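Take a look at the structure below.
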Amino acid sequence: MEADYSDKNKALAALYPAHIEALRVRHDHALETSGAAHAIIFSGALKYAFLDDRDYPFRPNPHFLSWAPLTGLPLSYIVHTPGETPVLIYYQPHDYWHPVPGAPDGYWTASFDVRVVHTLVDVAQHLPADREKCVLIGEVEDDAHAFGIERINPTAAVNILHYARGQKTEYEIACMRLASQRGASGHRAAEMAFRDGLSELEIHRAYCKAVSHTEDELPYGNIVALNDHGAVLHYTRFDRKPPAAIHSFLIDAGAQVNGYASDITRTYSYEDARFDELIQRMDATQLDIIAKIQAGIDYADLHVETHRMLGQLLADAGIVSGDPDTLLATGVTSAFFPHGLGHLLGVQVHDVGGFMSDEAGNTIDPPSGHPFLRLTRSLEENMVLTIEPGIYVIDMLLENLRGTPAESHVNWDEVDWLRPYGGIRIEDNVRVTAGGCENLTREAFAALS
Ligand code: GLY
Ligand code: MN
Ligand code: MN
11 MEADYSDKNK ALAALYPAHI EALRVRHDHA LETSGAAHAI IFSGALKYAF
61 LDDRDYPFRP NPHFLSWAPL TGLPLSYIVH TPGETPVLIY YQPHDYWHPV
111 PGAPDGYWTA SFDVRVVHTL VDVAQHLPAD REKCVLIGEV EDDAHAFGIE
161 RINPTAAVNI LHYARGQKTE YEIACMRLAS QRGASGHRAA EMAFRDGLSE
211 LEIHRAYCKA VSHTEDELPY GNIVALNDHG AVLHYTRFDR KPPAAIHSFL
261 IDAGAQVNGY ASDITRTYSY EDARFDELIQ RMDATQLDII AKIQAGIDYA
311 DLHVETHRML GQLLADAGIV SGDPDTLLAT GVTSAFFPHG LGHLLGVQVH
361 DVGGFMSDEA GNTIDPPSGH PFLRLTRSLE ENMVLTIEPG IYVIDMLLEN
411 LRGTPAESHV NWDEVDWLRP YGGIRIEDNV RVTAGGCENL TREAFAALS
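Numbered per the working numbering, the sequence shown finishes at 459, counting up by one with no gaps.
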């Protein structure tokens, strides 16, 4: 049966007004700081392939999406003026070539003064007359879409909005809980397809069917990797045939509800007990990392600590030898774990603001030697983020260890054993609380069984 999330919207309706109030407060602050009177949030425009009339899938401005769950509404605008009900200029073109957005409908409509327009010219009359007092937030590639507003994405305002998006409202967390449930149902279907010996493409289709998403609706391209494909961190090809011998399956796939994403990875052994044991070690290590999450901890420190924990895991499994500090210092752990521990999650899978130390736009660099870490902030309550440790046999990285002090710490025969399995990643989405966290992903899987 395909997933249906429409009835869940009743619960979201109760949480939505407080979410809008939080947005109003942060936009008031952004306006005050930038000396403007109105924030105009543009949903974005369709983009077309070069020399073609085919449009790319529409990706709305994430700021627009965080105001309203309108994932398919190009050329529309939200007008926020402090103290007034926000205006939604809802663009519903007269077009018989393409489906057009239906009449505004849903729990979110009560929070807006909705003005349906059928031509772009009509947008202008619903914007504040004094364009000099407006700031426009959005991607404007065609001047006509700015309607004479000159202050587009002013840095001070955008920094405030980006920083604030790091902490989610209860409404956003409810959407993300549902996105986790939706994703977990897809993961369950994908695992069954893997156990049935199907191809990557067939597994991908089983996933999309279970979550009831078209490919364009997925929050990111599914990674469906059999065997050594799991070592390609962003493996987004789909082989049409299953491999002659099936060893392993790594799937990194999410789902979305009202534009809010989940981002989940699981790894499975087909029938090899030793690889399965390594997966269980990773699962336990991932939970140990998650047990350290709470408001106030430094995520960059946790990333470095994860390297030590993965060094210990690799040593316990006989793949490397040495103590965790040495394995970290010599670059052994980086060769096996070459990506970040995780990132903020929201209306964007890699949500903005992960490097920001304050709303003024100051940033914190990733630690030296860890350039791919996307989250360096100290954790605060109601941040939602991923925890996704992994180990892989990536020969181009492991070969770099030859001739260095790291070489003698690698048990190369054991690397040869692991290579056909590709790698292991376990990725959960957690919501930070004062004294711990809520694991959206584990709870979603538990609710399935
Ligand atoms: N699926 C992309 C990521 O895990 O960051
Ligand atoms: Mn992922
Ligand atoms: Mn991720």
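Glycine included, C-beta positions come from ideal geometry on N, C-alpha and C. In this text, all values refer to a predicted model and were calculated from it rather than measured experimentally.
Taking the Cα positions, G148 is about 15 Å away from I99. By the Cβ rule, the region 408-425 does not count as touching the region 445-453, because fewer than three pairs are nearer than 8 Å. In the pairwise beta carbon analysis, the region 188-198 is classified as touching the region 265-282: at least three pairs are separated by under 8 Å. M366 is bridged by DSSP to T373. With contact defined as three or more Cβ pairs closer than 8 Å, the region 43-63 and the region 102-121 are not in contact. Contact check for L243 and G432: beta-carbon distance about 10 Å, past the 8 Å limit, so the pair fails to qualify. Distances from the CB of D273 to the heavy atoms of ligand 1 include at least one below 7 Å. Inclusion of D262 in the 7 Å shell around ligand 2 follows from its C-beta lying nearer than that to a non-hydrogen atom of the ligand. A contact between stretches requires three or more CB pairs, one per stretch, nearer than 8 Å, and the region 16-28 meets this requirement with the region 178-190. Restricting attention to D282, F248 and R384, the CA atom closest to the CA of S367 is found in R384. The C-alpha of P92 lies about 7 Å from the C-alpha of R34. Taking the CA atoms as reference points, R318 sits about 36 Å from V267. For L236, the enclosing beta strand (DSSP E) covers residues I233 to L236. Here F346 is buried. Its C-beta has 16 or more other C-beta atoms within 10 Å. By the CB criterion at 8 Å, H419 and T340 fall inside the cutoff. With a threshold of 7 Å, the Cβ atom of T396 counts as near ligand 3, since some heavy atom of the ligand is closer than that. DSSP links N449 through a beta bridge to V440. Rounded to whole angstroms, the separation of the alpha carbons of A327 and P67 is 44 Å. Taken through DSSP and simplified to helix, strand or coil, D153 comes out as helix. Taking 8 Å as the upper bound for CB-CB distance, I397 and L323 are not in contact here, some 15 Å apart. T396 carries a strand assignment under DSSP once its states are collapsed to helix, strand and coil. Buried is the label assigned to Y245, since at least 16 other Cβ atoms lie within 10 Å of its Cβ. The DSSP-derived three-state label of H48 is strand. Remark: the shortest separation between the CB of V359 and any heavy atom of ligand 1 falls under 7 Å. Checking the DSSP bridge columns, you'll see Q266 partnered with A271. Here S378 is exposed. Its C-beta has fewer than 16 other C-beta atoms within 10 Å.
Annotation: V127 to S86 spans about 9 Å, alpha carbon to alpha carbon. Per DSSP, the unbroken alpha helix (DSSP H) holding L407 starts and ends at D405 to L408. By the C-beta density criterion, P109 is exposed, having fewer than 16 other C-beta atoms within 10 angstroms.
Checking the 7 Å criterion, the Cβ of Y66 is out of range of every heavy atom belonging to ligand 1. By the C-beta density criterion, W107 is exposed, having fewer than 16 other C-beta atoms within 10 angstroms. The shortest CA-to-CA distance from I256 to any of C218, F204 and I307 is the one to F204. Under the 10 Å beta carbon count, T414 is surrounded by fewer than 16 other beta carbons and is classified as exposed. In this structure the region 400-408 touches the region 433-441; the number of beta carbon pairs closer than 8 Å is three or more. Residue burial is scored here from C-beta neighbours: Q296 has at least 16 other C-beta atoms within 10 angstroms and is therefore classed as buried. The alpha carbon of G45 has as its nearest neighbour, out of K57, P164 and G371, the alpha carbon of P164.
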